[in-house]
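Have a look at the structure below before the remarks.
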Amino acid sequence: MTDAVLETTDVTVLLVDDNPQNLKVLYETLKDKGYRLLIANDGEKALDLAHRHQPEVILLDIMMPDLDGYQVCERLKADPSTSDSAVVFLSALDDLQAKVRGFALGGADYISKPFQAQEVIARVKTHARVIRLERELQARNRQLENDQARILNSISEGIYGLDATGVIVFANPAAALIMRSSTEELIGRNFFDLHFRTAGQGCELLPVYATCTQGVAENQRDIEMLRADGTAFPVEYRSTPKLDGDELHGAVVVFRDITTELESERALENARQVVQEQRDQIAHFSRLTTMGEMAAGVAHEVNQPLTAITNYARVAKRILAKEEPDHQLLEETLEKIEAQSHRASEVIRRIRRFMKKPAAGKDVLSLSALLEDTRQFAEVDIRNNEGGVEISVAEDVPEVLADPIQVQQVALNLIRNALESTRSAGSQAPVEVTVTMSGSRCVRIAVTDHGIGLPDDAEEKLFLPFYTTKEEGMGIGLPMCRSLIQAQGGDIGFERPEHGGACFYFTLPVAGADGSACGPDAGSGEPA
-6 MTDAVLETTD VTVLLVDDNP QNLKVLYETL KDKGYRLLIA NDGEKALDLA
44 HRHQPEVILL DIMMPDLDGY QVCERLKADP STSDSAVVFL SALDDLQAKV
94 RGFALGGADY ISKPFQAQEV IARVKTHARV IRLERELQAR NRQLENDQAR
144 ILNSISEGIY GLDATGVIVF ANPAAALIMR SSTEELIGRN FFDLHFRTAG
194 QGCELLPVYA TCTQGVAENQ RDIEMLRADG TAFPVEYRST PKLDGDELHG
244 AVVVFRDITT ELESERALEN ARQVVQEQRD QIAHFSRLTT MGEMAAGVAH
294 EVNQPLTAIT NYARVAKRIL AKEEPDHQLL EETLEKIEAQ SHRASEVIRR
344 IRRFMKKPAA GKDVLSLSAL LEDTRQFAEV DIRNNEGGVE ISVAEDVPEV
394 LADPIQVQQV ALNLIRNALE STRSAGSQAP VEVTVTMSGS RCVRIAVTDH
444 GIGLPDDAEE KLFLPFYTTK EEGMGIGLPM CRSLIQAQGG DIGFERPEHG
494 GACFYFTLPV AGADGSACGP DAGSGEPA
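As structure tokens, then:
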């Protein structure tokens, strides 16, 4: 506070002396200095005036009848309303013991008689400034405490203040509400004994204990605590140490009841499982639909080895009918029958594997083998498209972690779409399937056609359910592909190549990667 401010502030100074002449001199010295002056000629009057007006400064004579200055000072300091007043002793006593006794009783200063006017003015001014600043600071602290109390009372989370032994020294209303108790009943109780069943067996491993004893902050979820009535409930809590410099004084614990939250999470997880089951059923239906569309080609592929087996069997019979069978020719014929049988069996095995529902979990896959197997599935489509399918796998591509049935379903869908699109544009260029790395954790499989390209609104509609550009399409192929690839931790999208046509790609995580999902390729078309 500046001097100018002090002069215009209503500072009260109490003058106490049993000598009228001394009072007159003090009054004349201070009357023009901007203070409100009070006068008392004995100790009792001084105590009464001080209690009613709470003066900032009290100039107190020591040698007075009845109550001397020491006794008055002692009673002033014992009264909360006057304990902060600055008591300045006035006395002709100049020995050290008198001064020490005055300071021991709470005196702020000591002026020897006869006093000098300038000394009195300077000391009153200094002590008035200090007291006013202290009172303003106290008022601000009270305001901050009130604001803090209002904030703590309005918070919906429970808050505890604990000492170093775990005793509750503060509890906000929310804590009492959660505990079905009152703050008065909570304060003074031991946090660990109150809230944990195993506290009697030792507290070392209990929540918050390390914060109280070692200053270690904690944050845990789904921890069981007990209410005051003994019922248990799940909580999420955060505890932070109460520190004064390097000295630990306990902990502050913020907690909340997460019973409803956990119930919602369980319901959400159940709903996710139902959705996933429905997605799996739709994916299986999609595979059955694809197999139905390819039935003619599959029948042709199986019929070829069966016809060959029949013909080779007839040859074998003719060889055996001779008087001297050619055993070498017969052995070669039987080997051909066996080879054609394996070929038919492989076709059936491939079909059965594609038709079955995927097993739980994922496998480590070689994309070269899986894509070659997929190309054989698309044989009938390839025969209708003279360009065929070319597969190119970069040398640095490692194995991936994914469900082989679902990945093959996506690859087959994209290859068949690309063949159809290329054929509809009258092109004989081959569909290009390329496998490259996408960053260090993901593999990118791209299927590029030479068709008429994608519509302008492809970004907004192409991956929406039931949207299709085919006359007889159902519009579930690409949305299903997106669902299946995202379930593998990958991403799917498309690009518009400079030479025309379209390029659809999907990514899969590398086997042994850190488990984070593969994000969308920079600069590529995003699924809607």
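Mapping to my numbering: the sequence shown position 60 is 53, numbers consecutive.
Think of the CB as a built atom: it goes at the ideal place given N, C-alpha and C, for glycine as much as any other residue.
- Of all C-beta pairs linking the segment 49 to 61 to the segment 76 to 92, three or more are shorter than 8 Å, placing the two stretches in contact.
- Comparing C-alpha distances from Glu324 to each of Ser334, His335, Ile312 and Glu316 shows the shortest one belongs to Ile312.
- In the three-state reduction of the DSSP assignment, Gln109 falls in the coil class.
- DSSP, read as helix, strand or coil, puts Ser414 in helix.
- In this structure, Val424 and Asp442 form a Cβ contact; the two beta carbons are roughly 6 Å apart against a cut-off of 8 Å.
- Within the same chain, Phe185, Asp186 and Leu199 come within 7 Å of Ala192 by CB-CB distance, once the 5 residues on both sides are set aside.
- Check the Cα spacing between Tyr63 and each of Ala210, Arg45, Pro73 and Phe82: the tightest is with Phe82.
- With a beta-carbon spacing of about 42 Å, Lys355 and Leu327 fall beyond the 8 Å limit used to define contacts.
- Remark: C-beta atoms of Leu358 and Glu392 approach each other more closely than 8 Å.
- DSSP places Cys496 in no alpha helix (DSSP H) but in the uninterrupted beta strand (DSSP E) bounded by Cys496 to Pro502.
- Gln213 is bridged by DSSP to Tyr230.
- Of all alpha-carbon atoms in Ser361, Gln271, Ala411 and Ala167, the one lying nearest the alpha-carbon of Gly381 is that of Ala411.
- The beta carbons of Leu23 and Ile114 sit about 7 Å from each other, so the pair counts as a contact at 8 Å.
- Nearest C-alpha to Pro166 among Gly159, Ser149 and Gly181: Ser149.
- Of the other Cβ atoms in all chains shown, 16 or more fall within 10 Å of the Cβ of Gly482; this residue is therefore buried.
- For Arg220, there is no enclosing beta strand (DSSP E), as DSSP marks it with neither H nor E.
- Under the DSSP assignment, Cys435 falls in the beta strand (DSSP E) whose first and last residues are Cys435 to Thr441.
- In the assembly as shown, Leu69 is a buried residue. Its beta-carbon has 16 or more other beta-carbons within 10 Å.
- Rounded to whole angstroms, the separation of the alpha carbons of Leu98 and Ser232 is 43 Å.
- Exposure of Gln136 is indicated by the presence of fewer than 16 other C-beta atoms within 10 angstroms of its C-beta.
- Of all alpha-carbon atoms in Cys196, Ala439 and Ser338, the one lying nearest the alpha-carbon of Glu488 is that of Ala439.
- In the three-state DSSP reduction, Asn12 falls in the coil class, being neither helix nor strand.
- Under the three-state reduction of DSSP, Ile55 is assigned to coil, being neither helix nor strand.
- Here DSSP, grouped into helix, strand and coil, assigns Lys70 to helix.
- With respect to Thr367, Ala404 sits close: the two C-beta atoms are nearer than 8 Å.
- By the CB criterion at 8 Å, Asn34 and Asp61 fall outside the cutoff.
- In the DSSP annotation of this structure, the continuous segment of the beta strand (DSSP E) that includes Thr429 starts and ends at Val424 to Ser431.
- As the crow flies, the alpha-carbon of Ser338 is around 27 Å from that of His320.
- A residue is called buried once 16 or more other Cβ atoms fall within 10 Å of its Cβ, and Gly238, having fewer, is exposed.
- In this structure Lys118 is buried. Its beta-carbon is surrounded by 16 or more other beta-carbon atoms within 10 angstroms.
- Rounded to the nearest angstrom, the Cβ distance from Ser84 to Ile55 is 4 Å, consistent with a contact under 8 Å.
- In the structure shown, Ile161 adopts extended strand secondary structure according to DSSP, grouped into three states.
- With 16 or more other Cβ atoms from the protein chains shown falling within 10 Å of its own Cβ, Ser476 counts as buried.
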